[in-house]
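Residue numbers (full-length UniProt numbering), protein chains in the order written: chain A, 1 to 204; chain B, 1 to 204.
Protein chains: 2
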Amino acid sequence: MSGLRARQKADRHRRIIEAAAELFREAGYEGAKIETIAAQAEVSIGTIYNYYENKGDILGAIVSMEVNEVLNAGRGVVANPPANVGDALDTLLGIYIEHSLHYLSKEMWRQAMAISTQLPDSPFGQAYTGLDRSLTEQIRALIARLQEIGLARRDIDGPALGELIFNNMNMMFIEFVKRDEARIAELRTAIRRQNRILVAAIAV
Amino acid sequence: MSGLRARQKADRHRRIIEAAAELFREAGYEGAKIETIAAQAEVSIGTIYNYYENKGDILGAIVSMEVNEVLNAGRGVVANPPANVGDALDTLLGIYIEHSLHYLSKEMWRQAMAISTQLPDSPFGQAYTGLDRSLTEQIRALIARLQEIGLARRDIDGPALGELIFNNMNMMFIEFVKRDEARIAELRTAIRRQNRILVAAIAV
DNA sequence: CACAAAAACAGAATTGACTCAATTTTAGAA
DNA sequence: TTCTAAAATTGAGTCAATTCTGTTTTTGTG
């Protein structure tokens with residue numbers, strides 16, 4: 001049996017997330033009150049806390065969906081990378097960055113990032129760290145692929161390089177979401193400029 | 001006249017910061033109540049909010065003092081760098097990292113970082129961004145110095161490289177403060193490993 | 001010195017996230 | 001169908017940051 005209880009549970013999860021996503025978008029994270037989310041999802045305040053440990057975890061569920069989509073989109077690039085190191089990196093990181101504001105506003109990103117460092121052991125804190133690691137692994141996979149194909153030098157420390165590239169992009173992205181007026185195009189240009197140093201060092 | 005009002009103001013600032021620093025250390029950031037800080041500083045709650053916009057700004061004042069000390073310590077290295085690129089970078093970043101936990105616990109760092117991304121336009125948010133920029137500039141200055149002396153290639157994009165090195169260190173530091181069990185020695189080793197790639201690319 | 005305006009202070013009231021004890025609903029055994 | 005234990009829901013209550021308004025202190029002028 002699919003179980004009445006299990007079905008109701010999934011349904012309530014969905015209603016809470018949908019209500020929260022809408023309110024976060026309309027009123028911002030701080031502006032969206034748990035009371036309002038509860039009303040909109042037609043559950044009580046207590047029920048929300050039965051499903052999520054705290055307000056941040058609700059945002060976390062939304063962020064996780066977004067990042068997982070990005071990871072999926074990245075798979076194609078790793079499997080079939082452009083024919084030189086510079087373009088390969090630019091394409092993969094470009095996917096990450098261009099996707100980033102589809103569902104999440106800069107304010108939501110700021111909150112999500114803040115919560116993940118503030119409460120690294122909360123469910124979302126751990127999930128976020130895991131997502132960062134997955135992104136790092138994907139970049140590492142791309143580098144390994146490029147080394148395999150013979151586009152990148154084999155004597156380079158691939159894992160360390162992958163982490164370096166991810167860390168740099170991530171910090172640039174953090175600065176990007178901190179400034180509302182910052183544009184995606186400028187972010188990509190700046191990252192490309194930094195990566196050029198690395199590309200020169202590792203391209204065969 | 002030095003002004004009674006001005007003197008009282010400076011005195012109250014000092015008392016608030018001292019009380020807060022002590023309580024943050026003893027009870028942690030979340031554990032330190034504004035009410036208690038006010039009592040210990042012998043001012044009212046309202047007065048604290050007259051001096052600082054919010055609880056985060058109090059922590060911010062403490063963090064700023066710490067980072068400024070680090071910047072000062074770094075000046076010596078820039079003025080008189082070790083005789084090869086790898087050691088020069090390692091020495092400067094080593095100063096940053098080794099100093100970092102002198103006055104501030106990991107929990108305080110987590111809070112400070114979280115606040116700076118959560119409220120980038122608050123007084124502390126802006127100050128923190130400024131501090132990051134100063135650290136980046138110091139690394140850039142070191143690279144420029146190494147290029148001058150002839151230890152680093154002149155055809156490298158120094159500013160971009162400086163930002164890359166800072167961003168990577170900073171992100172590694174963020175992950176470090178997120179895990180209570182992480183050790184400074186491991187952090188330095190990991191950063192050294194990553195920088196090795198860069199050092200190989202830029203040393204003459 | 002007396003006084004009015006400006007600045008700073010005080011702490012009660014507000015606000016919103018989160019808790020918890022009581023109530024309701026579901027599962028499944030008899 | 002009836003009953004009981006377990007699971008889930010509810011919302012009033014708690015707690016701590018922040019706001020707000022009335023009071024006090026300081027300053028500078030006549």
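Just so it is clear, CB atoms sit at the ideal spot from N, CA and C, and this is done for glycine as well.
Mind checking whether residue i and residue j have CB atoms under 9 Å apart?
{"i": "Q111(A)", "j": "L59(A)", "result": "yes"}
{"i": "I156(A)", "j": "I202(A)", "result": "yes"}
{"i": "residue 236(B)", "j": "Q118(A)", "result": "Any property of residue 236(B) remains undetermined from this structure, which presents chain B solely from 1 to 204."}
{"i": "N195(B)", "j": "D90(B)", "result": "yes"}
{"i": "V78(A)", "j": "R188(A)", "result": "no"}
{"i": "I191(B)", "j": "P81(B)", "result": "no"}
{"i": "P120(B)", "j": "D57(B)", "result": "no"}
{"i": "L93(A)", "j": "I139(A)", "result": "yes"}
{"i": "H99(A)", "j": "E69(A)", "result": "yes"}
{"i": "I95(A)", "j": "Y51(A)", "result": "no"}
{"i": "W109(A)", "j": "V63(A)", "result": "yes"}
{"i": "I184(B)", "j": "L101(B)", "result": "yes"}
{"i": "L198(A)", "j": "I143(B)", "result": "no"}
{"i": "L135(B)", "j": "G46(B)", "result": "no"}
{"i": "N168(A)", "j": "N54(B)", "result": "no"}
{"i": "A41(A)", "j": "R12(A)", "result": "yes"}
{"i": "residue 207(A)", "j": "V204(A)", "result": "Outside the shown range of chain A, which is 1 to 204, sits residue 207(A), and nothing can be said about it."}
{"i": "Q131(B)", "j": "V85(B)", "result": "It should be pointed out that residue 131(B) corresponds to Leu in this sequence rather than to Gln. Not a contact, by the Cβ cut-off of 9 Å."}
Can you tell me whether DSSP reads residue i as helix, strand or coil?
{"i": "A182(B)", "result": "coil"}
{"i": "A83(A)", "result": "coil"}
{"i": "A203(A)", "result": "strand"}
{"i": "A152(A)", "result": "strand"}
{"i": "L146(A)", "result": "helix"}
{"i": "G28(A)", "result": "coil"}
{"i": "E163(A)", "result": "helix"}
{"i": "Y103(A)", "result": "coil"}
{"i": "P123(B)", "result": "helix"}
{"i": "S44(A)", "result": "coil"}
{"i": "D157(A)", "result": "coil"}
{"i": "N50(B)", "result": "helix"}
{"i": "K55(A)", "result": "helix"}
{"i": "K33(A)", "result": "coil"}
Return no unless some Cβ of chain B is closer than 9 Å to the Cβ of residue i.
{"i": "P123(A)", "result": "no"}
{"i": "E186(A)", "result": "no"}
{"i": "Q138(A)", "result": "no"}
{"i": "T117(A)", "result": "yes"}
{"i": "N80(A)", "result": "no"}
{"i": "K55(A)", "result": "no"}
{"i": "T129(A)", "result": "yes"}
{"i": "R193(A)", "result": "yes"}
{"i": "R179(A)", "result": "yes"}
{"i": "M113(A)", "result": "yes"}
Would you say residue i reaches chain A, if we count a Cβ-Cβ gap shorter than 9 Å as a contact?
{"i": "E175(B)", "result": "yes"}
{"i": "M108(B)", "result": "no"}
{"i": "A201(B)", "result": "yes"}
{"i": "R196(B)", "result": "yes"}
{"i": "M1(B)", "result": "Confidence at M1(B) is low in this model, with a pLDDT of 42, below 50, so its placement is unreliable and the value that follows should be read with caution. No - not a single Cβ of chain A is within 9 Å of the one on M1(B)."}
Any chance the CB of residue i is under 8 Å from a heavy atom of the ligand NAD?
{"i": "N80(B)", "result": "Annotation note on the ligand NAD: not contained in the displayed structure, which lists no ligands."}
- At least 3 beta-carbon pairs within less than 8 Å: the segment 89-105 of chain A vs the segment 161-179 of chain B: Contact between the segment 89-105 of chain A and the segment 161-179 of chain B is absent, because fewer than three Cβ pairs lie under 8 Å.
- With 7 Å as the limit, tell me which residues of the segment 5-34 of chain A have their beta carbon closer than that to any beta carbon of chain B; keep them in chain order. Taking 7 Å as the Cβ-Cβ cut-off against chain B, none of the residues of the segment 5-34 of chain A qualify.
- Message: Counting beta carbon pairs with one atom in the segment 166-185 of chain A and one in the segment 17-35 of chain B, are three or more of them shorter than 8 Å?
- Response: Contact between the segment 17-35 of chain B and the segment 166-185 of chain A is absent, because fewer than three Cβ pairs lie under 8 Å.
- What are the residues of the segment 140-171 of chain B that lie near chain A, defined by any Cβ-Cβ distance shorter than 7 Å? The segment 140-171 of chain B vs chain A, Cβ under 7 Å: I156, D157, A160, L161, E163, L164, N167, N168, N170, M171.
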